[in-house]
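In my numbering, the protein residues as written are 35 to 505.
Every residue, glycine too, gets a C-beta built ideally from N, C-alpha and C.
Values in this document were obtained by computation on a predicted structure and should not be read as measured data.
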(Lines of atoms letter the chains of each structure in order from A and count residues from 1; the text may use other names and numbers.)
(Lines give C-alpha, C1' and ligand atoms only; values in the text may rest on other atoms or scores of the structure.)
Protein backbone atom coordinates (compact mmCIF):
# COMPACT_ATOMS: atom_id res chain seq x y z
CA UNK A 1 0.00 0.00 0.00
CA UNK A 2 1.38 3.39 -0.94
CA UNK A 3 -0.03 4.99 2.21
CA UNK A 4 -0.26 3.50 5.70
CA UNK A 5 -4.06 3.62 5.83
CA UNK A 6 -4.15 2.65 9.48
CA UNK A 7 -2.41 5.95 10.27
CA UNK A 8 -5.01 7.84 8.25
CA UNK A 9 -7.73 5.94 10.11
CA UNK A 10 -6.23 6.80 13.49
CA UNK A 11 -6.17 10.46 12.52
CA UNK A 12 -9.75 10.40 11.22
CA UNK A 13 -11.21 8.18 13.93
CA UNK A 14 -12.35 11.03 16.25
CA UNK A 15 -14.29 12.55 13.33
CA UNK A 16 -15.75 9.17 12.35
CA UNK A 17 -16.81 8.50 15.94
CA UNK A 18 -18.25 11.99 16.45
CA UNK A 19 -20.08 11.78 13.12
CA UNK A 20 -21.97 8.71 14.31
CA UNK A 21 -22.71 10.34 17.67
CA UNK A 22 -24.15 13.42 15.95
CA UNK A 23 -26.32 11.27 13.72
CA UNK A 24 -27.59 9.26 16.68
CA UNK A 25 -28.44 12.45 18.54
CA UNK A 26 -30.34 13.74 15.51
CA UNK A 27 -32.25 10.49 15.27
CA UNK A 28 -33.09 10.60 18.98
CA UNK A 29 -34.37 14.15 18.64
CA UNK A 30 -36.89 12.81 16.14
CA UNK A 31 -37.74 10.04 18.62
CA UNK A 32 -37.30 7.41 15.93
CA UNK A 33 -34.39 5.43 14.51
CA UNK A 34 -36.29 5.29 11.22
CA UNK A 35 -34.99 8.77 10.33
CA UNK A 36 -31.49 7.35 9.81
CA UNK A 37 -32.71 4.08 8.43
CA UNK A 38 -34.72 5.75 5.70
CA UNK A 39 -31.55 7.11 4.09
CA UNK A 40 -29.84 3.79 3.46
CA UNK A 41 -32.01 0.90 4.55
CA UNK A 42 -35.15 1.42 2.49
CA UNK A 43 -35.76 0.54 -1.10
CA UNK A 44 -35.62 3.97 -2.71
CA UNK A 45 -33.45 2.52 -5.48
CA UNK A 46 -36.33 0.52 -6.92
CA UNK A 47 -38.86 1.93 -9.38
CA UNK A 48 -42.20 0.22 -8.59
CA UNK A 49 -43.18 0.69 -12.22
CA UNK A 50 -40.39 -1.69 -13.24
CA UNK A 51 -41.19 -4.56 -10.88
CA UNK A 52 -40.23 -7.91 -12.35
CA UNK A 53 -41.41 -11.32 -11.22
CA UNK A 54 -39.97 -14.82 -11.75
CA UNK A 55 -41.79 -16.63 -14.56
CA UNK A 56 -39.55 -19.53 -15.58
CA UNK A 57 -42.27 -22.14 -15.04
CA UNK A 58 -44.51 -20.81 -17.75
CA UNK A 59 -41.53 -20.49 -20.10
CA UNK A 60 -40.60 -24.14 -19.60
CA UNK A 61 -43.85 -25.82 -20.61
CA UNK A 62 -42.87 -28.75 -22.81
CA UNK A 63 -44.35 -32.04 -24.04
CA UNK A 64 -43.58 -35.37 -22.42
CA UNK A 65 -39.90 -36.28 -22.46
CA UNK A 66 -38.92 -38.44 -25.43
CA UNK A 67 -36.78 -41.56 -24.90
CA UNK A 68 -33.29 -40.73 -23.65
CA UNK A 69 -30.36 -40.64 -26.07
CA UNK A 70 -27.93 -41.86 -23.40
CA UNK A 71 -26.13 -40.75 -20.26
CA UNK A 72 -24.18 -37.54 -19.69
CA UNK A 73 -21.55 -37.41 -16.95
CA UNK A 74 -19.77 -34.21 -15.98
CA UNK A 75 -17.17 -33.22 -13.42
CA UNK A 76 -17.72 -29.88 -11.69
CA UNK A 77 -14.67 -28.09 -10.34
CA UNK A 78 -13.90 -25.00 -8.28
CA UNK A 79 -15.69 -23.69 -5.22
CA UNK A 80 -19.39 -23.71 -4.32
CA UNK A 81 -20.70 -21.35 -6.97
CA UNK A 82 -18.39 -22.59 -9.72
CA UNK A 83 -19.89 -26.01 -9.01
CA UNK A 84 -23.35 -24.48 -9.06
CA UNK A 85 -22.68 -22.93 -12.47
CA UNK A 86 -21.44 -26.27 -13.82
CA UNK A 87 -24.53 -28.09 -12.55
CA UNK A 88 -26.94 -25.61 -14.12
CA UNK A 89 -25.09 -25.70 -17.43
CA UNK A 90 -24.96 -29.51 -17.33
CA UNK A 91 -28.74 -29.70 -17.02
CA UNK A 92 -29.10 -27.32 -19.97
CA UNK A 93 -26.72 -29.45 -22.07
CA UNK A 94 -28.53 -32.65 -21.04
CA UNK A 95 -31.80 -31.08 -22.16
CA UNK A 96 -30.25 -30.01 -25.45
CA UNK A 97 -28.95 -33.54 -26.10
CA UNK A 98 -32.03 -35.23 -24.64
CA UNK A 99 -29.61 -37.07 -22.36
CA UNK A 100 -30.05 -38.50 -18.90
CA UNK A 101 -27.79 -36.59 -16.51
CA UNK A 102 -25.86 -38.53 -13.90
CA UNK A 103 -25.58 -36.56 -10.64
CA UNK A 104 -22.41 -34.50 -11.19
CA UNK A 105 -19.14 -35.49 -9.57
CA UNK A 106 -17.09 -32.81 -7.82
CA UNK A 107 -13.39 -32.46 -8.57
CA UNK A 108 -11.18 -32.00 -5.52
CA UNK A 109 -9.53 -28.59 -5.75
CA UNK A 110 -6.12 -27.90 -4.19
CA UNK A 111 -7.23 -24.40 -3.16
CA UNK A 112 -10.73 -25.14 -1.82
CA UNK A 113 -9.72 -28.50 -0.31
CA UNK A 114 -13.25 -29.83 0.10
CA UNK A 115 -14.05 -33.51 -0.42
CA UNK A 116 -17.83 -32.92 -0.30
CA UNK A 117 -20.02 -34.75 -2.77
CA UNK A 118 -23.16 -33.39 -4.46
CA UNK A 119 -25.49 -34.73 -1.75
CA UNK A 120 -23.40 -33.17 1.03
CA UNK A 121 -24.09 -29.69 -0.34
CA UNK A 122 -27.34 -29.94 -2.29
CA UNK A 123 -30.61 -31.82 -1.72
CA UNK A 124 -30.18 -34.64 -4.22
CA UNK A 125 -33.73 -36.02 -4.10
CA UNK A 126 -35.26 -32.56 -4.48
CA UNK A 127 -32.99 -31.93 -7.47
CA UNK A 128 -34.09 -35.11 -9.24
CA UNK A 129 -37.79 -34.66 -8.43
CA UNK A 130 -37.93 -30.99 -9.43
CA UNK A 131 -36.32 -31.68 -12.81
CA UNK A 132 -38.25 -34.84 -13.70
CA UNK A 133 -40.49 -33.11 -16.27
CA UNK A 134 -37.54 -31.39 -17.93
CA UNK A 135 -34.46 -33.60 -17.70
CA UNK A 136 -33.98 -37.15 -16.45
CA UNK A 137 -31.46 -37.33 -13.60
CA UNK A 138 -30.07 -40.49 -12.00
CA UNK A 139 -27.77 -40.88 -9.01
CA UNK A 140 -25.34 -43.19 -10.78
CA UNK A 141 -24.70 -44.84 -14.10
CA UNK A 142 -26.74 -48.07 -14.47
CA UNK A 143 -24.73 -51.28 -14.17
CA UNK A 144 -25.65 -52.48 -17.66
CA UNK A 145 -24.22 -49.27 -19.17
CA UNK A 146 -21.12 -49.41 -17.00
CA UNK A 147 -20.56 -53.01 -18.10
CA UNK A 148 -20.06 -51.83 -21.68
CA UNK A 149 -17.02 -49.89 -20.43
CA UNK A 150 -15.51 -52.72 -18.34
CA UNK A 151 -16.95 -51.16 -15.17
CA UNK A 152 -14.42 -48.35 -15.52
CA UNK A 153 -15.81 -44.81 -15.78
CA UNK A 154 -12.49 -43.54 -17.12
CA UNK A 155 -13.09 -45.77 -20.18
CA UNK A 156 -16.09 -43.64 -21.12
CA UNK A 157 -14.91 -41.16 -23.77
CA UNK A 158 -14.18 -37.72 -22.39
CA UNK A 159 -15.58 -35.16 -24.83
CA UNK A 160 -13.29 -32.26 -24.04
CA UNK A 161 -15.09 -29.07 -24.99
CA UNK A 162 -13.83 -25.53 -25.16
CA UNK A 163 -15.05 -22.84 -22.78
CA UNK A 164 -18.36 -21.24 -23.76
CA UNK A 165 -19.13 -23.78 -26.48
CA UNK A 166 -22.27 -23.13 -28.51
CA UNK A 167 -25.34 -25.40 -28.59
CA UNK A 168 -24.37 -26.27 -32.17
CA UNK A 169 -21.06 -27.68 -30.94
CA UNK A 170 -22.88 -30.08 -28.63
CA UNK A 171 -25.32 -31.13 -31.34
CA UNK A 172 -22.61 -31.67 -33.95
CA UNK A 173 -19.75 -33.08 -31.86
CA UNK A 174 -21.19 -34.60 -28.68
CA UNK A 175 -24.60 -35.93 -29.75
CA UNK A 176 -23.25 -38.37 -32.39
CA UNK A 177 -20.89 -39.89 -29.80
CA UNK A 178 -23.69 -40.09 -27.26
CA UNK A 179 -25.97 -41.90 -29.71
CA UNK A 180 -23.23 -44.34 -30.69
CA UNK A 181 -21.84 -45.14 -27.24
CA UNK A 182 -24.79 -44.55 -24.94
CA UNK A 183 -22.71 -42.50 -22.49
CA UNK A 184 -20.20 -39.65 -22.63
CA UNK A 185 -18.17 -37.67 -20.11
CA UNK A 186 -17.18 -34.01 -20.11
CA UNK A 187 -14.41 -33.25 -17.63
CA UNK A 188 -13.65 -30.65 -16.62
CA UNK A 189 -17.01 -28.99 -17.08
CA UNK A 190 -16.55 -25.36 -16.10
CA UNK A 191 -18.02 -22.54 -18.20
CA UNK A 192 -18.52 -25.04 -21.01
CA UNK A 193 -21.76 -23.53 -22.36
CA UNK A 194 -22.04 -20.15 -24.08
CA UNK A 195 -23.55 -17.22 -22.17
CA UNK A 196 -26.07 -16.55 -24.94
CA UNK A 197 -28.20 -19.58 -25.80
CA UNK A 198 -31.86 -19.96 -26.88
CA UNK A 199 -34.36 -18.57 -24.37
CA UNK A 200 -35.70 -21.99 -23.37
CA UNK A 201 -32.21 -23.04 -22.25
CA UNK A 202 -31.75 -19.78 -20.36
CA UNK A 203 -35.03 -20.35 -18.55
CA UNK A 204 -33.93 -23.90 -17.72
CA UNK A 205 -30.65 -22.60 -16.29
CA UNK A 206 -32.64 -20.32 -13.98
CA UNK A 207 -35.08 -23.08 -13.06
CA UNK A 208 -32.17 -25.26 -11.98
CA UNK A 209 -30.40 -22.47 -10.12
CA UNK A 210 -33.36 -21.06 -8.23
CA UNK A 211 -35.71 -24.02 -7.84
CA UNK A 212 -34.02 -27.38 -8.39
CA UNK A 213 -30.83 -26.56 -6.48
CA UNK A 214 -31.46 -26.13 -2.80
CA UNK A 215 -28.96 -26.76 -0.07
CA UNK A 216 -28.89 -30.04 1.82
CA UNK A 217 -31.00 -30.32 4.97
CA UNK A 218 -28.25 -29.73 7.57
CA UNK A 219 -27.13 -26.57 5.75
CA UNK A 220 -30.69 -25.25 5.40
CA UNK A 221 -31.57 -25.84 9.04
CA UNK A 222 -28.51 -24.08 10.45
CA UNK A 223 -28.71 -21.27 7.87
CA UNK A 224 -32.33 -20.53 8.80
CA UNK A 225 -31.34 -20.34 12.47
CA UNK A 226 -28.45 -18.02 11.63
CA UNK A 227 -30.69 -15.66 9.65
CA UNK A 228 -33.17 -15.58 12.52
CA UNK A 229 -30.38 -14.75 14.97
CA UNK A 230 -29.05 -12.05 12.65
CA UNK A 231 -32.47 -10.42 12.47
CA UNK A 232 -32.75 -10.46 16.27
CA UNK A 233 -29.33 -8.78 16.53
CA UNK A 234 -30.56 -6.01 14.22
CA UNK A 235 -33.24 -4.43 16.40
CA UNK A 236 -31.72 -0.95 16.01
CA UNK A 237 -32.36 -1.16 12.27
CA UNK A 238 -35.77 -2.80 12.32
CA UNK A 239 -34.40 -6.31 11.81
CA UNK A 240 -32.54 -5.26 8.67
CA UNK A 241 -28.84 -5.89 8.22
CA UNK A 242 -26.01 -5.35 5.76
CA UNK A 243 -23.96 -8.27 4.45
CA UNK A 244 -20.39 -7.97 3.19
CA UNK A 245 -18.53 -10.54 1.10
CA UNK A 246 -14.99 -9.99 2.33
CA UNK A 247 -12.27 -11.62 0.21
CA UNK A 248 -9.21 -11.24 2.40
CA UNK A 249 -8.25 -14.86 2.89
CA UNK A 250 -4.58 -15.80 2.59
CA UNK A 251 -5.00 -17.43 -0.84
CA UNK A 252 -6.84 -14.39 -2.23
CA UNK A 253 -4.25 -11.94 -0.91
CA UNK A 254 -1.46 -14.15 -2.26
CA UNK A 255 -3.02 -14.60 -5.70
CA UNK A 256 -3.64 -10.86 -6.08
CA UNK A 257 0.11 -10.13 -5.77
CA UNK A 258 -0.82 -6.96 -3.87
CA UNK A 259 1.14 -5.74 -0.87
CA UNK A 260 -0.32 -4.44 2.37
CA UNK A 261 1.37 -3.20 5.52
CA UNK A 262 2.75 -6.46 6.90
CA UNK A 263 6.33 -5.82 5.81
CA UNK A 264 8.85 -8.63 5.27
CA UNK A 265 6.79 -11.15 7.27
CA UNK A 266 3.80 -10.65 4.98
CA UNK A 267 5.99 -10.79 1.86
CA UNK A 268 7.46 -14.14 2.93
CA UNK A 269 4.07 -15.59 3.87
CA UNK A 270 2.55 -14.56 0.55
CA UNK A 271 5.43 -16.01 -1.47
CA UNK A 272 5.09 -19.30 0.42
CA UNK A 273 1.31 -19.34 -0.12
CA UNK A 274 1.70 -18.73 -3.85
CA UNK A 275 4.21 -21.54 -4.17
CA UNK A 276 2.00 -23.96 -2.19
CA UNK A 277 -1.11 -23.41 -4.31
CA UNK A 278 0.27 -22.35 -7.70
CA UNK A 279 3.71 -23.90 -7.99
CA UNK A 280 5.93 -21.78 -10.21
CA UNK A 281 3.03 -19.84 -11.77
CA UNK A 282 4.26 -16.49 -10.47
CA UNK A 283 7.91 -17.08 -11.34
CA UNK A 284 7.50 -17.87 -15.01
CA UNK A 285 9.78 -16.12 -17.47
CA UNK A 286 8.41 -12.76 -18.50
CA UNK A 287 5.92 -12.52 -15.63
CA UNK A 288 5.96 -9.02 -14.13
CA UNK A 289 4.38 -8.42 -10.74
CA UNK A 290 3.56 -4.79 -10.01
CA UNK A 291 1.60 -4.41 -6.76
CA UNK A 292 1.21 -0.64 -7.11
CA UNK A 293 -0.23 -0.97 -10.62
CA UNK A 294 -2.60 -3.69 -9.38
CA UNK A 295 -3.82 -1.36 -6.66
CA UNK A 296 -4.32 1.61 -8.99
CA UNK A 297 -6.25 -0.64 -11.38
CA UNK A 298 -8.62 -1.73 -8.60
CA UNK A 299 -7.43 -5.34 -8.61
CA UNK A 300 -6.46 -5.62 -4.95
CA UNK A 301 -8.80 -7.22 -2.40
CA UNK A 302 -10.14 -4.62 0.02
CA UNK A 303 -8.89 -4.96 3.58
CA UNK A 304 -11.40 -5.05 6.45
CA UNK A 305 -10.21 -1.54 7.38
CA UNK A 306 -10.90 -0.26 3.86
CA UNK A 307 -14.36 -1.84 3.86
CA UNK A 308 -15.16 -0.28 7.22
CA UNK A 309 -14.00 3.21 6.25
CA UNK A 310 -15.88 2.99 2.97
CA UNK A 311 -19.15 2.01 4.65
CA UNK A 312 -18.83 4.62 7.41
CA UNK A 313 -18.11 7.23 4.75
CA UNK A 314 -21.21 6.13 2.84
CA UNK A 315 -23.34 6.76 5.92
CA UNK A 316 -23.65 3.39 7.66
CA UNK A 317 -23.10 4.22 11.33
CA UNK A 318 -22.18 2.14 14.36
CA UNK A 319 -25.79 1.00 14.87
CA UNK A 320 -25.61 -0.89 11.56
CA UNK A 321 -25.78 -4.64 11.97
CA UNK A 322 -23.11 -6.14 9.72
CA UNK A 323 -22.71 -9.75 8.61
CA UNK A 324 -19.29 -10.60 7.19
CA UNK A 325 -19.15 -13.58 4.83
CA UNK A 326 -15.66 -14.90 4.31
CA UNK A 327 -13.23 -17.73 4.69
CA UNK A 328 -10.42 -17.53 7.23
CA UNK A 329 -9.24 -13.91 7.14
CA UNK A 330 -5.51 -13.44 6.72
CA UNK A 331 -3.95 -12.24 9.98
CA UNK A 332 -7.49 -11.77 11.31
CA UNK A 333 -6.60 -10.49 14.77
CA UNK A 334 -4.79 -7.52 13.25
CA UNK A 335 -6.92 -6.78 10.19
CA UNK A 336 -10.41 -7.30 11.67
CA UNK A 337 -9.88 -5.10 14.75
CA UNK A 338 -10.60 -1.71 13.07
CA UNK A 339 -13.67 -3.09 11.27
CA UNK A 340 -15.08 -4.26 14.61
CA UNK A 341 -14.21 -0.87 16.10
CA UNK A 342 -16.28 0.87 13.43
CA UNK A 343 -19.08 -1.71 13.46
CA UNK A 344 -19.48 -3.20 16.94
CA UNK A 345 -22.62 -5.07 15.81
CA UNK A 346 -20.53 -7.24 13.48
CA UNK A 347 -21.31 -10.93 13.12
CA UNK A 348 -19.83 -13.88 11.23
CA UNK A 349 -20.88 -17.50 10.98
CA UNK A 350 -18.48 -18.21 13.84
CA UNK A 351 -20.31 -15.77 16.14
CA UNK A 352 -23.85 -16.58 14.96
CA UNK A 353 -23.49 -20.35 15.24
CA UNK A 354 -22.30 -22.40 18.19
CA UNK A 355 -19.05 -24.39 17.82
CA UNK A 356 -20.98 -27.65 18.04
CA UNK A 357 -23.33 -26.46 15.27
CA UNK A 358 -20.41 -25.70 12.97
CA UNK A 359 -18.48 -28.86 13.83
CA UNK A 360 -19.87 -30.97 10.96
CA UNK A 361 -19.05 -28.21 8.46
CA UNK A 362 -15.45 -27.60 9.50
CA UNK A 363 -12.95 -28.55 6.82
CA UNK A 364 -15.62 -28.27 4.13
CA UNK A 365 -15.23 -24.86 2.52
CA UNK A 366 -18.17 -25.27 0.13
CA UNK A 367 -20.60 -26.11 2.95
CA UNK A 368 -19.34 -23.13 4.97
CA UNK A 369 -19.74 -20.93 1.88
CA UNK A 370 -23.31 -22.20 1.57
CA UNK A 371 -24.03 -20.90 5.09
CA UNK A 372 -22.59 -17.50 4.17
CA UNK A 373 -24.59 -17.43 0.94
CA UNK A 374 -27.81 -18.22 2.80
CA UNK A 375 -27.33 -15.40 5.32
CA UNK A 376 -26.33 -12.83 2.69
CA UNK A 377 -29.30 -13.64 0.45
CA UNK A 378 -32.03 -11.92 2.55
CA UNK A 379 -29.87 -9.00 3.73
CA UNK A 380 -31.17 -5.49 3.10
CA UNK A 381 -27.91 -4.43 1.43
CA UNK A 382 -25.20 -6.65 -0.03
CA UNK A 383 -21.64 -5.35 -0.38
CA UNK A 384 -19.25 -7.05 -2.79
CA UNK A 385 -15.56 -6.19 -2.42
CA UNK A 386 -13.96 -8.44 -5.04
CA UNK A 387 -15.11 -10.27 -8.15
CA UNK A 388 -15.86 -13.98 -8.29
CA UNK A 389 -18.73 -16.41 -8.55
CA UNK A 390 -20.06 -15.84 -5.02
CA UNK A 391 -21.11 -12.19 -5.54
CA UNK A 392 -22.15 -12.76 -9.15
CA UNK A 393 -24.51 -15.60 -8.23
CA UNK A 394 -25.76 -13.80 -5.13
CA UNK A 395 -26.53 -10.59 -7.03
CA UNK A 396 -28.49 -12.57 -9.61
CA UNK A 397 -30.35 -14.55 -6.95
CA UNK A 398 -31.30 -11.37 -5.11
CA UNK A 399 -32.50 -9.76 -8.34
CA UNK A 400 -34.60 -12.85 -9.00
CA UNK A 401 -36.17 -12.81 -5.54
CA UNK A 402 -36.61 -9.08 -5.03
CA UNK A 403 -38.46 -7.78 -8.06
CA UNK A 404 -35.53 -7.50 -10.42
CA UNK A 405 -33.49 -5.24 -8.16
CA UNK A 406 -31.79 -5.57 -4.80
CA UNK A 407 -29.59 -3.08 -3.04
CA UNK A 408 -26.01 -3.90 -3.89
CA UNK A 409 -22.86 -1.89 -3.27
CA UNK A 410 -20.26 -2.73 -5.89
CA UNK A 411 -17.66 0.02 -5.44
CA UNK A 412 -15.29 1.30 -8.09
CA UNK A 413 -12.04 0.37 -6.39
CA UNK A 414 -9.99 2.61 -8.67
CA UNK A 415 -11.85 5.58 -7.20
CA UNK A 416 -11.61 4.19 -3.67
CA UNK A 417 -7.83 4.05 -3.90
CA UNK A 418 -7.64 7.78 -4.67
CA UNK A 419 -9.22 8.52 -1.29
CA UNK A 420 -7.49 5.76 0.67
CA UNK A 421 -4.07 6.85 -0.57
CA UNK A 422 -4.50 10.54 0.23
CA UNK A 423 -2.58 10.99 3.52
CA UNK A 424 -4.05 14.44 4.15
CA UNK A 425 -7.69 13.79 3.35
CA UNK A 426 -10.30 15.28 5.70
CA UNK A 427 -13.28 13.28 6.92
CA UNK A 428 -15.88 15.50 5.23
CA UNK A 429 -14.08 15.23 1.91
CA UNK A 430 -13.66 11.47 2.35
CA UNK A 431 -17.42 11.16 2.99
CA UNK A 432 -18.27 13.09 -0.15
CA UNK A 433 -16.07 10.76 -2.18
CA UNK A 434 -17.65 7.65 -0.63
CA UNK A 435 -21.18 8.91 -1.18
CA UNK A 436 -20.34 9.64 -4.81
CA UNK A 437 -19.06 6.08 -5.17
CA UNK A 438 -22.25 4.81 -3.51
CA UNK A 439 -24.36 6.78 -5.96
CA UNK A 440 -22.50 5.34 -8.94
CA UNK A 441 -22.38 1.82 -7.54
CA UNK A 442 -24.58 -1.06 -8.59
CA UNK A 443 -27.75 0.58 -7.26
CA UNK A 444 -29.03 1.78 -10.58
CA UNK A 445 -32.22 -0.28 -10.54
CA UNK A 446 -33.20 -3.15 -12.74
CA UNK A 447 -30.64 -4.32 -15.28
CA UNK A 448 -31.35 -6.45 -18.33
CA UNK A 449 -28.84 -9.04 -19.44
CA UNK A 450 -26.58 -8.01 -22.30
CA UNK A 451 -25.32 -10.59 -24.84
CA UNK A 452 -22.06 -11.36 -23.02
CA UNK A 453 -23.50 -11.18 -19.50
CA UNK A 454 -24.16 -14.24 -17.37
CA UNK A 455 -27.77 -15.32 -16.87
CA UNK A 456 -26.77 -16.16 -13.29
CA UNK A 457 -26.03 -12.49 -12.58
CA UNK A 458 -28.70 -10.94 -14.82
CA UNK A 459 -31.79 -13.19 -14.91
CA UNK A 460 -33.87 -10.63 -16.81
CA UNK A 461 -35.53 -10.81 -19.26
CA UNK A 462 -35.23 -14.56 -19.98
CA UNK A 463 -36.26 -15.73 -16.50
CA UNK A 464 -38.49 -12.89 -15.30
CA UNK A 465 -41.53 -11.02 -16.57
CA UNK A 466 -42.71 -7.49 -15.86
CA UNK A 467 -45.40 -7.12 -13.17
CA UNK A 468 -47.96 -9.61 -14.44
CA UNK A 469 -45.43 -12.47 -14.52
CA UNK A 470 -46.34 -15.64 -12.71
CA UNK A 471 -44.11 -18.10 -10.90
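- For residue 136, the enclosing beta strand (DSSP E) starts and ends at 134-136.
- For the pair residue 389 and residue 371, the Cα-to-Cα distance works out to about 22 Å.
- Cα atoms of residue 197 and residue 104: separation of roughly 23 Å, rounded to the nearest angstrom.
- Following the DSSP letters along the chain, one finds residue 290 inside the alpha helix (DSSP H) bounded by residues 284-290.
- In terms of Cβ geometry, residue 424 and residue 359 form a close pair [threshold 9 Å].
- Taking the Cα positions, residue 414 is about 22 Å away from residue 375.
- In this structure, the CA atom of residue 209 is about 28 Å from the CA atom of residue 156.
- Under the DSSP assignment, residue 217 falls in the beta strand (DSSP E) whose first and last residues are 217-220.
- Taking 4 residues as the shortest admissible run, the region 316-357 contains the following complete alpha helix (DSSP H) segments, listed from N- to C-terminal end: 325-330 and 338-348.
- By the CB criterion at 9 Å, residue 171 and residue 165 fall inside the cutoff.
- Measuring C-alpha to C-alpha distances from residue 334 to each of 293, 369, 319 and 306 identifies 293 as the nearest.
- According to the DSSP secondary-structure assignment, residue 107 is paired through a beta bridge with 219.
- Under the Cβ criterion (8 Å, minimum of three pairs), the region 336-352 does not count as touching the region 255-268.
- Residue 221 and residue 386 have their C-alpha atoms spaced approximately 38 Å apart.
- Taking C-beta atoms as the reference points, residue 229 and residue 90 fail to come closer than 9 Å.
- Residue nearest to residue 224 within the set 468, 46 and 115 is 115 (criterion: CA-CA distance).
- Sequence-distant partners of residue 475 (beyond 5 residues in either direction) whose C-beta falls short of 8 Å from its own C-beta, in its chain, are 442, 443, 444, 445 and 446.
- Residue pairing of residue 278 in beta bridges, as defined by DSSP: 358 and 417.
- For residue 86, the enclosing beta strand (DSSP E) stretches over residues 86-88.
- A contact between stretches requires three or more CB pairs, one per stretch, nearer than 8 Å, and the region 275-291 meets this requirement with the region 400-418.
- The beta strand (DSSP E) runs of length 3 or more contained entirely in the region 383-408 do not exist; there are none.
- Taking a contact as a CB-CB distance under 8 Å, the pair residue 353 and residue 270 counts as one, their CB atoms being some 4 Å apart.
- Scanning 427, 215, 85 and 362 for the CA closest to the CA of residue 396 turns up 362.
- DSSP places residue 122 inside the alpha helix (DSSP H), whose first and last residues are 114-131.
- Partner residues in the beta bridge of residue 363, as assigned by DSSP, are 283.
- Per DSSP, residue 498 is not a residue of any alpha helix (DSSP H); the beta strand (DSSP E) it occupies stretches across 498-500.
- Around the beta carbon of residue 348, 16 or more other beta carbons lie within 10 angstroms, which makes this residue buried.
- In this model, residue 213 and residue 243 are separated by some 28 Å (Cα to Cα).
- The Cβ neighbour count for residue 121, taken over all protein chains shown within 10 Å, is at least 16; the residue is labelled buried.
- DSSP places residue 371 in the helix class (H, G or I) of the three-state scheme.
- Beta-carbon to beta-carbon, residue 426 and residue 490 are separated by about 6 Å, close enough to satisfy the 8 Å threshold.
- Around the beta carbon of residue 281, 16 or more other beta carbons sit within 10 angstroms, so the residue counts as buried.
- Nearest in C-alpha terms to residue 190, of all of 179, 485 and 304, is 179.
- If you draw a 10 Å sphere on the C-beta of residue 48, you find fewer than 16 other C-beta atoms in it, and that means exposed.
- As a beta-bridge residue in DSSP terms, residue 380 pairs with 356.
- The beta carbon of residue 50 lies closer than 6 Å to those of 346 in the same chain, with the five residues before and after it left out.
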